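Engineer:
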Amino acid sequence: MILLFTDFGAGGPYLGQIKAVLSAAAPTVPVIDLMADAPAHDPMSAAYLLAAYASEFPHGAVFLAVVDPGVGGERRAAVAEIDGRWFTGPDNGLFEPLLRRARHARAWEIVWRPERLSASFHGRDLLAPIAARLAHGEHPWDEPMWQERPWAAALPLELLRRPEWPDELARIVYFDHFGNATIGMRACTLAETSVLEVAGRRITRARTFGDVPPGTAFWYENANGLAEIAVNQGRADQVLGVAIGSPVAVE
Amino acid sequence: MILLFTDFGAGGPYLGQIKAVLSAAAPTVPVIDLMADAPAHDPMSAAYLLAAYASEFPHGAVFLAVVDPGVGGERRAAVAEIDGRWFTGPDNGLFEPLLRRARHARAWEIVWRPERLSASFHGRDLLAPIAARLAHGEHPWDEPMWQERPWAAALPLELLRRPEWPDELARIVYFDHFGNATIGMRACTLAETSVLEVAGRRITRARTFGDVPPGTAFWYENANGLAEIAVNQGRADQVLGVAIGSPVAVE
Amino acid sequence: MILLFTDFGAGGPYLGQIKAVLSAAAPTVPVIDLMADAPAHDPMSAAYLLAAYASEFPHGAVFLAVVDPGVGGERRAAVAEIDGRWFTGPDNGLFEPLLRRARHARAWEIVWRPERLSASFHGRDLLAPIAARLAHGEHPWDEPMWQERPWAAALPLELLRRPEWPDELARIVYFDHFGNATIGMRACTLAETSVLEVAGRRITRARTFGDVPPGTAFWYENANGLAEIAVNQGRADQVLGVAIGSPVAVE
């Protein structure tokens, strides 16, 4: 199974072009849009989302993760095996929360280059062919049958890490289609009595929408374990007037 | 074939997570996004859309329908067999127009509970595993091979019904990508000469866009049999200034 | 492989209904959303995008292309074989740039009509069944096994052409999810020193985002060979204040 986690948007041509590459190279592998609207150009916010989603997928799942404002620059294209799942993407911190919480991890740099490598779309040209190979069970340490040299070189994990990032990210990292505001903090790290302060409002916890009056903002543990602010029968994005990146304080 | 009919939005993580469950549980079954932008938190408007789309699908098709503002509350999770097609979703009226027009229908409550049941995402945790079983030909009345107790209990159809709802819903129920305004009324219940009144405008019927001058609003029978208001070379949502739920009067 | 290139939007019911037809008629053929947000009601802008994307797909690929403001009117539904790939869609110029750059092309009119042909959704009712047949290797000149008469009649290529259209379209034809503004001109037809003038601004070329200061607009060759205007760490659509169709001058 290949999971696409990107900031490309659902409608445009980029996901389709990646899927065409994957379909040709790995026609029997299911490809699933896990998220097409990850925080654009914001690997830090995206990283805490990816870590929240990834753990529910089976061992061997391959994540093609592209939130990559540095594409075409000096950044490396990486492959990481983290607790039995495979991740390919840029070295910009996108895998930091996963690595920090991992029991076992290894990493490689993708040293193979395709005949055509565009400056702005490594997701299609570089990462998708590698994701297809990983999904077929090929390992970075295998001698490739399709070229003389290995396609990957060992990469010190430190080069993927961001030790200065927090364990939990006290920011809004996502707004869903309903306007709910996801926070980069796992709800299990907060107390039942924790009060979140966002944009001057103090927000208390509830279990679900029906537990508060219409129009009231509350926070709850969302279905992926993150803290999330919602408004019963309303839109938190409009009620709070905040944006992705807005800070959250915990009392 | 499993059809996803939700108000989750196309870009976000929810559809991908449901598809991952379905792909693991029913890897050979095609899964199709029938609609990802059903009217949010509005089961009544969504119900008349679902009824318009469902009839074209073959017998045995499985619909996973989630427009579910009461998730996490007291509402039941249901399975209904309606004229040879299967539907799973909440008991909030989403299947009322289908049931009212049906020749044959039966219903069950899903009494099985997964090990992990989030408060806010029964589509992934409860309905998707059941949809996968239905798509594999398992019936609610079968003795399950995978647990000791049946996963479903007979549910009186009355508990899914909303007898107070109208046969045709005289409201705007959807805006498509072009700004066309779909109405919850089947065009076959209207006369060729019917005039629709919306937001103070009187709108007459035409067969298609080319039959009226540019900028003119008209109504027509859309490709799913519903009445729909459009503007030739324009956007009905902007021209009319209406919203989902806005009333439509028939003269 | 069937590629869907439409202006239908990613969330709504239209793509799902087309995919349901394709899944029933060609269950083993991969179907990929190449683009769901092609310029709405604008076959000319869409045509230069389609030509930029199509060439990377393998021979035998089938494109179902619907940007079709004239649906339900007098326009023809066509099939074209262009350099080994198949295209089906309206005769409104959508294939003109492809045909102009082709080495080999032939065309047919779809003369078959389904039992149910809606006035507004030929993509589902007429083109999808034909796309499924093309993807199965059926040719327009084959004697069909499924009806007495051929489903296609030879169509002079001239009827698909728009000789008055330019070789390169000096207009904004698309905004992607990041706000980048794609131009209907192949970058290879411009000089490294070409300056593009849009909405009174003079924009010079860079290789990629990191090569200009934050907030600066530049143009570059996008991953499909078209000229594209972007803003480092910003949105070109907001910075430039332009719309699809806005003219671009080349100095």
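Residue numbers (my numbering), protein chains in the order written: chain A, 992 to 1242; chain B, 992 to 1242; chain C, 992 to 1242.
Quick reminder that beta carbons are idealized off the backbone N, C-alpha and C, glycines included.
Everything numeric in this text was worked out from a predicted model, so none of it was measured.
1. Kindly give me the distance between the Cβ atoms of Asn1083/C and Pro1034/C, rounded to whole angstroms, as I take these residues to be in contact under 8 Å.
2. Helix, strand or coil for Thr1180/A, going by three-state DSSP, please let me know.
3. Please list, in chain order, the chain A residues whose beta carbon lies closer than 8 Å to that of Ile1023/C.
4. Listed in chain order, which residues of the stretch 1116-1129 of chain B have Cβ atoms closer than 8 Å to some Cβ of chain C?
5. Skipping 5 residues on each side, what residues in its chain have a beta carbon closer than 7 Å to that of Pro1120/C?
6. Strictly under 8 Å for the Cβ-Cβ distance: is Ala1031/A near chain C by that measure?
7. Any idea which residues DSSP pairs Trp1142/C with across the strands?
8. Between the alpha carbons of Phe1078/A and Arg1177/A, how many angstroms are there, rounded?
9. Going by C-alpha to C-alpha distance, which of Pro1131/B, Glu1047/B, Glu1242/B, Arg1192/B sits closest to Ile1101/B?
10. In the structure shown, what three-state DSSP assignment does Phe1200/A receive?
11. Between the Cα of Gly1063/C and the Cα atoms of Gly1232/B, Asp1202/B, Glu1219/B, which residue gives the shortest distance?
12. Could you tell me whether the Cβ atoms of Ala1214/A and Ser1109/B are closer together than 8 Å?
13. Quick check on this structure: which residue in Leu1055/A, Met1026/A, Trp1137/A has the alpha carbon closest to the alpha carbon of Ala1068/A?
14. Determine the contact status of Gly1025/B and Val1164/B, defining contact as a CB-CB distance below 8 Å.
15. What would DSSP say about Met1136/A, mapped onto helix, strand or coil?
16. Could you pull the start and end residues of the beta strand (DSSP E) that Gly1080/C belongs to?
17. For Pro1060/B, which residues of its own chain have a beta-carbon under 7 Å away from its beta-carbon, when the five flanking residues on both sides are left out?
18. Quick check on Arg1196/C - is its C-beta less than 8 Å from some C-beta in chain A?
19. In the DSSP output, what is Leu1217/A paired with across the bridge?
20. How many Å lie between Thr1195/C and Glu1183/C at the Cα?
21. With distance defined between alpha-carbon atoms, name the residue in Ala1143/B, Trp1099/B, Leu1118/B, Ala1098/B nearest to Arg1107/B.
22. Using a Cβ cut-off of 8 Å, pull out every chain B residue sitting near Pro1060/C, in sequence order please.
23. Would you decide whether Met1136/B is buried or exposed? Buried here means 16 or more other CB atoms lie within 10 Å of its CB.
24. Just the C-alpha distance for Ala1096/B and Phe1086/B, rounded to the nearest angstrom, thanks.
25. On the criterion of 16 or more Cβ atoms from any shown chain inside 10 Å, does Arg1140/C qualify as buried, or is it exposed?
26. Starting from the beta carbon of Phe999/C, find every residue of chain B whose beta carbon is closer than 9 Å, and list them in chain order.
27. Cβ closer than 7 Å: which chain B residues qualify as neighbours of Ser1109/C?
28. Starting from the beta carbon of Phe1112/B, find every residue of chain A whose beta carbon is closer than 9 Å, and list them in chain order.
29. Return the Cβ separation of Gly1002/A and Asp1028/C in integer angstroms, given the expectation that the two are a contact with Cβ distance under 8 Å.
30. Taking the alpha helix (DSSP H) that Met1035/C falls in, what are its first and last residues?
31. Against chain B, with Cβ distances strictly below 8 Å, would Gly1080/C count as a contact?
32. Of the residues Val1020/C, Pro1004/C, Gln1138/C, Glu1149/C, which one's Cα is nearest the Cα of Ala1122/C?
33. Output needed for Leu1160/C: all residues of its chain with C-beta closer than 6 Å, excluding positions within five of it in sequence on either side, in chain order.
34. How far does the alpha helix (DSSP H) with Ile1121/C in it extend, from its first residue to its last?
35. Helix, strand or coil: which one does DSSP assign to Val1230/C?
36. I want to verify the contact list: residues of chain B whose CB lies under 7 Å from the CB of Pro1004/C, in sequence order.
Structural biologist: Put simply:
1. Locating residue 1083/C in the third sequence gives position 92, counting from the first residue. Locating residue 1034/C in the third sequence gives position 43, counting from the first residue. That pair is a contact at about 4 Å.
2. The residue you call residue 1180/A lines up with position 189 of the first sequence. Three-state result, Thr1180/A: helix.
3. To locate residue 1023/C, count along the third sequence from 1; it is residue 32. The answer, in chain order, is Gly1007, Lys1010, Ala1011, Ser1014.
4. none
5. On the third sequence, position 129 is the one that residue 1120/C refers to. These residues qualify, in order along the chain: Val1012, Ala1016, Pro1105.
6. Numbered from its first residue, the first sequence carries residue 1031/A at position 40. Yes, contact with chain C.
7. Residue 1142/C sits at position 151 when you count from the first residue of the third sequence. BP columns for Trp1142/C are empty, so no partner.
8. Translated into the one-based positions of the first sequence, residue 1078/A becomes position 87. Translated into the one-based positions of the first sequence, residue 1177/A becomes position 186. Approximately 21 Å between the Cα atoms of the pair.
9. In the second sequence, counting from the first residue as 1, residue 1101/B sits at position 110. Here the closest residue by C-alpha is Pro1131/B.
10. To locate residue 1200/A, count along the first sequence from 1; it is residue 209. Correct three-state label for Phe1200/A: helix.
11. The residue you call residue 1063/C lines up with position 72 of the third sequence. Of Gly1232/B, Asp1202/B, Glu1219/B, the residue nearest in Cα terms is Asp1202/B.
12. By one-based count along the first sequence, residue 1214/A stands at place 223. By one-based count along the second sequence, residue 1109/B stands at place 118. In this structure, Ser1109/B lies closer than 8 Å to Ala1214/A by Cβ.
13. Numbered from 1 along the first sequence, position 77 holds the residue referred to as residue 1068/A. Comparing Cα-Cα distances from Ala1068/A to each of Leu1055/A, Met1026/A, Trp1137/A, the minimum goes to Leu1055/A.
14. The residue labelled residue 1025/B in the question sits at position 34 within the second sequence. The residue labelled residue 1164/B in the question sits at position 173 within the second sequence. Sequence inspection shows Leu at residue 1025/B; the Gly mentioned does not correspond to that position. No, the Cβ-Cβ distance between Leu1025/B and Val1164/B is not below 8 Å.
15. Position 145 of the first sequence, counted from the first residue, corresponds to residue 1136/A. It is coil, neither helix nor strand.
16. Here residue 1080/C refers to the residue found at position 89 when the third sequence is read from its first residue. That run of the beta strand (DSSP E) goes 1076-1081.
17. Residue mapping note: residue 1060/B aligns to position 69 of the second sequence, counting from 1. Excluding positions up to five away in sequence, the list reads His1032.
18. Here residue 1196/C is taken as the residue at index 205 of the third sequence, counted from 1. No - not a single Cβ of chain A is within 8 Å of the one on Arg1196/C.
19. Residue 1217/A sits at position 226 when you count from the first residue of the first sequence. Arg1177/A, per the DSSP bridge assignment.
20. For the purposes of this step, residue 1195/C is taken as residue 204 along the third sequence, with counting starting at 1. For the purposes of this step, residue 1183/C is taken as residue 192 along the third sequence, with counting starting at 1. When rounded, the distance between both Cα atoms is 9 Å.
21. One-based indexing of the second sequence puts residue 1107/B at position 116. For Arg1107/B, the nearest C-alpha among the options comes from Leu1118/B.
22. Your numbering for residue 1060/C matches position 69 in the third sequence. Going along chain B in sequence order, the residues near Pro1060/C (Cβ under 8 Å) are Phe1200, Gln1224.
23. Along the second sequence, read from residue 1 onward, the residue named residue 1136/B stands at position 145. Exposed, since its Cβ has fewer than 16 Cβ neighbours within 10 Å.
24. The residue given as residue 1096/B occupies position 105 in the second sequence. The residue given as residue 1086/B occupies position 95 in the second sequence. Near 11 Å, if we compare the C-alpha coordinates of Phe1086/B and Ala1096/B.
25. One-based indexing of the third sequence puts residue 1140/C at position 149. Arg1140/C should be labelled exposed.
26. Within the third sequence, the letter at position 8 stands for residue 999/C. Result: Asp1167, His1168, Phe1169.
27. Working through the third sequence from its first residue, we reach residue 1109/C at position 118. Residues of chain B passing the Cβ test: Ala1214.
28. Within the second sequence, numbered from 1, the residue matching residue 1112/B stands at position 121. The contacting residues are Asn1213, Ala1214, Asn1215.
29. Here the question's residue 1002/A lines up with position 11 in the first sequence. Here the question's residue 1028/C lines up with position 37 in the third sequence. Approximately 3 Å separates the beta-carbon atoms of Gly1002/A and Asp1028/C; this is inside 8 Å, confirming the contact.
30. Taking the first residue of the third sequence as position 1, residue 1035/C is located at position 44. First-last of the alpha helix (DSSP H) with Met1035/C: 1034-1045.
31. Working through the third sequence from its first residue, we reach residue 1080/C at position 89. No, Gly1080/C does not count as interfacial toward chain B.
32. Your numbering for residue 1122/C matches position 131 in the third sequence. The candidate whose alpha carbon is nearest that of Ala1122/C is Val1020/C.
33. The residue labelled residue 1160/C in the question sits at position 169 within the third sequence. Within the same chain, Tyr1039, Gly1175 come within 6 Å of Leu1160/C by CB-CB distance, once the 5 residues on both sides are set aside.
34. By one-based count along the third sequence, residue 1121/C stands at place 130. Per DSSP, Ile1121/C belongs to the alpha helix (DSSP H) from 1119-1126.
35. Position 239 of the third sequence holds residue 1230/C. It is helical.
36. Counting from 1 along the third sequence, the entry for residue 1004/C is found at position 13. Under the 7 Å cutoff, chain B gives Leu1025, Met1026, Tyr1044.
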